[in-house]
Every structure is written in structure tokens, then in C-alpha cells.
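Taking it in order: structure first as C-alpha cells, then the write-up.
Residue numbers (our numbering), protein chains in the order written: chain R, 1373 to 1526; chain D, -2 to 260.
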């Protein structure tokens, strides 16, 4: 019992101090088997990609509604059925784009999928993605690639 | 009659004595097991198993250059506890103290790790990204820095950490010899260990080269108990030159950053 409490506190503190950490766990997954017996702190839960839900359907054939967290009203164009059926493709794309702009404006936020219409810009040897007025910097978090919103580098 | 009574008395005395004796014997029989030392239970940490682990670790650290190919299967735990297993292949060439080249492919992605003693590069070839950072002078220090600062685990890191300075088997709370086991046609001895957060098993090649041939790690601090398995093929005399560890960006690859997630 004490061990569980200690473990929970450790995990909580780890998430607190390390923020969005771990590379090795796939987006949306809770955990991953330890791959080393000699490394400390190998197994951290991922929080980086959890809020975007963009890739959630890749791993599971569930009824996750890809637009669940959006504030955008998509009822106009979309057949209102859960389970991934019958979304009007244009409406879906529009919803994703709109939502990406809404969440991406915050400097320091991370996405795994870029909005459409980005162009590659190289500044000081480093590659950036400029999508309208929002600048994304590709990065490795652990060994996973993602894009973080940054202030315009030039 | 006095005789009869005398006889009765004698009989009673005799009977009492028998009863006393019987009672005494019964008590003794009860007492003996309690007093006798029970056979000592086998220690949780079998010293011979630890000795085998130490011998394997010491042998690993005598290898100056090696190439190892591992076929891996790793469980991921979905949010509701369901396990999904992903396969992978890792190929590592290591030259101690300060050269490393590793290629890791899995069902989901492909990464290359390049270390030449001065810098470390992570390459995602298919995606077209790479990132380079300054690196400490030894492979072992690199492994520590990568984990602490960038949350990157050097592939097959146990092969570098067993027997390294500062390593010992003190974390192990249970060690057992499970008997012989075969891995890819090679006879090995199979050991099972427990430590906090992980139960693990290693198959150590029998004979002159006590190499780990298979490793199974069960994560015990997640109720889903995900597992990781690695089977190793060794080449103890690879031909390498320094150029192998020097990174050149592939055509079209873009330079990005490694996020510093350190404490």
C-alpha cells in the first residue's frame, strides 16, 4: 500500500517537474514496458501528445471522435454520428485546421501534425515550419518528433 | 483382599506410570519439532545466480569492440490497460570508450544514433530530420546524459551498463537459476531475477563466452505488466573504422533540435 502511494507520488512529482516528457511511449498510450533493468526512471508517462488526440485513431479502432475536444461547431456539415462514420471530408479538414490554429497560437504548445499550408524556412541552419503567422519548430522529444510553437526566428 | 488391592494399586501405579510415560512421549513428540531447527529455506537471492550475472557483466566489459543485433518485442500499454506488442530490430556497433553507431527500426519508426566521442546525432531518416548535440567523452557518460537531459535511452543500454563502474547487483531482491535453456540453437543457462519495478530473466550463453543471449523484462509497476523481449546475435570481431561513426546528413534532411527535458 505504501509502495503504491510512494509510486504514485513519484509519478506525480515526475510529471510535475519534467512536464511533457518521454519519448518512448507512443501518443495516447499510458505506458510502455521497461527496456532496461539498469536504467533509472526509464518509464515515464507521456503527456505531450495526449491533448491533441489527432493520432488517437491510429492505434485503436475505437469510437473516439476525432473532433471531440474541438470548440468548433461542426454540426452543420457533418453527419452527426459517432464512430467515425460519414464525416463530410471537407468539414473534417476545416475542423482540424481551425482547431489547430486555435490551439497553436500559444507559444510553447506542441502538436504532432502540422496544419496545412506550411512552408519550410531555414534560419541559422535550423529548420522551421511557417504556417501563416504561426511558426513551428520541429524537435525531438526523446526520439519522437513533434512541433513546438515558437516566436518567429526572424 | 489386600493382595487384590495391592495388585490393583500396583496396576494403577503401573498404569499411571505408563500414562505418564505416554504423556511424556506425546509431549516430547510435540516439542521436538518445535525445538528442532527446520531446514533452512533457500535464500531468495541465490548466490550462484548472482555470480553468473557478475561473470556475464564482467565479460561484457572486457569487450572493446562489438557488434550486436537484437530482435525485440515490446509491449505498449493502452490507456485502459490493453497490451499491444510492437516488434523491432536494433543493430549496434560499439567501440569503447567513445564510439557508437546504432540503428533502431520498429513497427512505428526508424532512428539512427551516431556518437563519435565529441557529438551525438539522432537521425530520423524517413522523416528527414536530424539533431546534433555536444556529447561527453565516453559511451557510458553519454548514456546518462541522453537519458537525463533528452529522455533518450541508448538502445540495448543494459549491454553498456552491466558491469560498468558504479554498477552492482544490489537492487536485486530475488535470484533463481531456472536451468538450461536454448536460444537460437545455443545452450544457455536461464536465470530469473526480481527487483523493484521489474521482474527479468536472462539467458547466459554457456561456455567460454558468457554473453547474454536473451532478455525478458516484465514491468511490475504497471498493473498491465507489459513485457519487453530481446534476443541477441553477437559479432565480437566487427570490422569498423572511424568513418563509420562520423555523421553526414543524408541528402534532403533537415536539422532540428533535441528538446531539453532535463531536471
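A virtual CB, placed ideally from N, CA and C, is assigned to each residue, including glycine.
Integer-rounded CB distance, given that residue j should sit under 8 Å from residue i
i, j, result
"residue 121 (chain D)", "residue 1482 (chain R)", "With 8 Å as the limit, residue 121 (chain D) and residue 1482 (chain R) do not qualify as a contact, their Cβ atoms being about 16 Å apart."
"residue 197 (chain D)", "residue 181 (chain D)", "Not really, about 19 Å apart at Cβ, beyond 8 Å."
"residue 65 (chain D)", "residue 230 (chain D)", "7 Å"
"residue 119 (chain D)", "residue 108 (chain D)", "6 Å"
"residue 1480 (chain R)", "residue 147 (chain D)", "Between residue 147 (chain D) and residue 1480 (chain R) the Cβ distance is about 18 Å, and since that is not below 8 Å, they are no contact."
"residue 1499 (chain R)", "residue 1492 (chain R)", "6 Å"
"residue 235 (chain D)", "residue 90 (chain D)", "6 Å"
"residue 78 (chain D)", "residue 221 (chain D)", "5 Å"
"residue 92 (chain D)", "residue 61 (chain D)", "7 Å"
"residue 1501 (chain R)", "residue 1488 (chain R)", "Contact flag wrong, Cβ pair sits at about 11 Å."
"residue 87 (chain D)", "residue 177 (chain D)", "Their Cβ separation, rounded to whole angstroms, is 26 Å, which puts residue 87 (chain D) and residue 177 (chain D) out of contact at 8 Å."
"residue 262 (chain D)", "residue 174 (chain D)", "Because residue 262 (chain D) is not part of the residues shown, which for chain D are -2 to 260, the question remains open."
Candidates the options: closest to residue i by CA position
i, options, result
"residue 207 (chain D)", "D:239, D:73, D:199", "D:199"
"residue 158 (chain D)", "D:215, D:114, D:209, D:75", "D:209"
"residue 169 (chain D)", "D:50, D:191, D:35, D:213", "D:191"
"residue 269 (chain D)", "D:228, D:66, D:49", "Any question about residue 269 (chain D) goes unanswered here, given that chain D covers just -2 to 260."
"residue 256 (chain D)", "D:124, D:183, D:138, D:130", "D:130"
"residue 80 (chain D)", "D:128, D:71, D:201", "D:71"
"residue 112 (chain D)", "D:124, D:17, D:135", "D:135"
"residue 189 (chain D)", "D:84, D:235, D:92, D:42", "D:42"
"residue 187 (chain D)", "D:68, D:38, D:195, D:46", "D:46"
"residue 83 (chain D)", "D:69, D:201, D:77", "D:69"
"residue 291 (chain D)", "R:1524, R:1402, R:1411, R:1398", "With chain D represented from -2 up to 260, any question about residue 291 (chain D) goes unanswered, as that position is not in the structure."
"residue 237 (chain D)", "D:63, D:40, D:35", "D:63"
Per-residue contacts from residue i into chain R (C-beta, under 9 Å)
i, result
"residue 252 (chain D)", "1494, 1497, 1498, 1499"
Where residue i meets chain D, residues with beta-carbon distance less than 7 Å
i, result
"residue 1405 (chain R)", "71, 72, 214, 216, 223, 224, 225"
Chain R contact residues for residue i, given Cβ-Cβ distances below 7 Å
i, result
"residue 219 (chain D)", "1403"
"residue 46 (chain D)", "Chain R residues near residue 46 (chain D): none, gap ~14 Å exceeds 7 Å."
"residue 256 (chain D)", "1511, 1512, 1513"
"residue 144 (chain D)", "1411"
Cross-chain neighbours of residue i in chain D, by beta carbon under 9 Å
i, result
"residue 1400 (chain R)", "75, 76"
"residue 1397 (chain R)", "73, 74"
8 Å Cβ cut-off: residues of chain D touching residue i
i, result
"residue 1481 (chain R)", "Result: empty, since nearest Cβ-Cβ is about 13 Å, beyond 8 Å."
"residue 1491 (chain R)", "Correct list: empty, because the minimum Cβ distance to chain D is about 13 Å."
Under 8 Å from the C-beta of residue i: neighbouring residues of chain R
i, result
"residue 119 (chain D)", "1512, 1515"
TODO: Please confirm if the segment 86 to 99 of chain D is in contact with the segment 232 to 248 of chain D, defined as three or more CB-CB distances below 8 Å between the two stretches.
DONE: yes
TODO: Say whether the segment 51 to 63 of chain D touches the segment 147 to 163 of chain D, bearing in mind that this needs 3 or more beta-carbon pairs closer than 8 Å, one atom from each stretch.
DONE: yes
TODO: Count the CB pairs spanning the segment 1401 to 1409 of chain R and the segment 214 to 231 of chain D that are closer than 8 Å, and state whether there are at least three.
DONE: yes
TODO: Would you list, in chain order, the members of the segment 1501 to 1524 of chain R that have their beta-carbon closer than 9 Å to a beta-carbon of chain D?
DONE: 1509, 1510, 1511, 1512, 1513, 1514, 1515, 1516, 1517, 1518, 1520
Open item on the list: Which residues of the segment 103 to 115 of chain D have a Cβ closer than 8 Å to any Cβ of chain R? Give them in chain order.
Closed with: Result list: 105, 106, 108.
- [ ] Give, in chain order, every residue of the segment 177 to 210 of chain D whose Cβ lies closer than 8 Å to some Cβ of chain R.
- [x] 190, 192, 194, 195, 197
Task: Members of the segment 148 to 175 of chain D that neighbour chain B once the beta carbon cut-off is set at 7 Å - done: Chain labels in this structure do not include chain B; the protein chains are R and D.
Task: Proximal residues, the segment 121 to 139 of chain D versus chain R, C-beta separation under 7 Å - done: 121, 124, 126, 128
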